[in-house]
């Protein structure tokens, strides 16, 4: 099993605005929590409105969607007896519904979550969420994880109109979850392992996580993993990880004011010089030249 101690936990609470009245949607919080074995749950940093003691449970005013991507635990509500939660499960909490959930103490879990409300979501989710059995077994889905991370990035940036963007992405996520559950489109164990491999590559992009580490994490020999992954993704695991790293570098150069040195350190390069060499070799331009080009194009579009 891989260690999750280096994962970056995110707990973000959001202001609402007139978009709720216009669009009928509101996202009040979003986050990612990686709970290690024998670690207390939930993590510190939650608003007093949302934090809770798992033994006592809680009641909140919005819907909650939780997606477990590693580990196991339990869920229980006033309408649903205690149910086991496993990797690849999504569960919903309804407004005004007493509930509790937590990872198994000896195992822990990784969870993505967001809370949502507003007339549009209230009307939709009241029709599709089964209060007596709100757990959907959809497996690990890379597209779903990508959308959740897009929501987290938008929430952290809080750019103009971010609530409408979050609401639209949340609707896409809910539609995807519903579709996968209806069609059971997570298919074979082999596909699930490749989906999980892609997820691990994205979640550990800031660490020195190797393809061999990935293979070990999903209980495959490296040779078998490399062959299966190339068939699944069309490229070798190493090339896939390089593409992810290049995309993340471009994103940081484009959307932040981080220095080249800080980006190099954040992505665990051995030195800023090697970072610049790596980026130039893969893109044909230096990081500074790329950033200047993006700024020039952005100014032209103003």
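Residue numbers (the working numbering): 30 to 331. The C-beta atom is built at its ideal place from N, Cα and C for all residues, glycine as well.
Between the options, which has its C-alpha nearest residue i's C-alpha?
i	options	result
residue 153	116, 200, 170 and 221	200
residue 195	208, 181, 205 and 206	181
residue 256	171, 304, 124 and 220	220
residue 125	76, 117, 138 and 93	93
residue 193	52, 206, 133 and 42	52
residue 208	168, 323 and 300	168
residue 318	81, 66, 283 and 299	283
residue 109	117, 79, 38 and 128	128
residue 191	55, 329, 212 and 67	55
residue 244	234, 226, 40 and 260	226
residue 264	162, 223, 246 and 112	223
Where does residue i fall in DSSP's three states?
i	result
residue 111	coil
residue 75	coil
residue 235	coil
residue 290	helix
residue 323	helix
residue 96	strand
residue 280	helix
residue 206	helix
residue 33	Reliability of the predicted coordinates at residue 33 is poor, the pLDDT of 40 falling under 50, and the value obtained from them is presented with this limitation in mind. Looking at residue 33 - three-state DSSP - the assignment turns out to be coil, as it is neither helix nor strand.
residue 101	strand
residue 285	coil
residue 300	coil
residue 266	helix
residue 240	helix
residue 129	strand
residue 253	helix
residue 246	helix
residue 106	strand
residue 161	coil
residue 316	helix
residue 68	coil
residue 199	helix
residue 332	This structure cannot speak to residue 332, because the chain is shown only from 30 to 331.
Between which two residues does the beta strand (DSSP E) harbouring residue i extend?
i	result
residue 145	138 to 146
residue 86	Taken as a continuous stretch (DSSP letters only), residue 86 belongs to no beta strand (DSSP E), as it is neither H nor E.
residue 120	118 to 122
Kindly indicate the opening and closing residues of the alpha helix (DSSP H) around residue i.
i	result
residue 37	That residue, residue 37, is in no alpha helix (DSSP H); it is neither H nor E in DSSP.
residue 57	No alpha helix (DSSP H) contains residue 57, which is instead part of the beta strand (DSSP E) from 55 to 64.
residue 165	Unbroken run through residue 165 is the beta strand (DSSP E), 164 to 166; no alpha helix (DSSP H).
residue 189	Taken as a continuous stretch (DSSP letters only), residue 189 belongs to no alpha helix (DSSP H), as it is neither H nor E.
Can you determine whether any heavy atom of the ligand FAD sits closer than 7 Å to the C-beta of residue i, and answer yes or no?
i	result
residue 90	No copy of the ligand FAD occurs in the structure displayed, which carries no ligand at all.
Pairs of beta-carbons, one from the stretch 95 to 109 and one from the stretch 132 to 140, closer than 8 Å: are there three or more?
Contact between the stretch 95 to 109 and the stretch 132 to 140 is present, with at least three C-beta pairs closer than 8 Å.
Taking one C-beta from the stretch 306 to 315 and one from the stretch 270 to 279 each time, how about it: are there three or more such pairs within less than 8 Å?
Contact between the stretch 306 to 315 and the stretch 270 to 279 is present, because at least three Cβ pairs lie under 8 Å.
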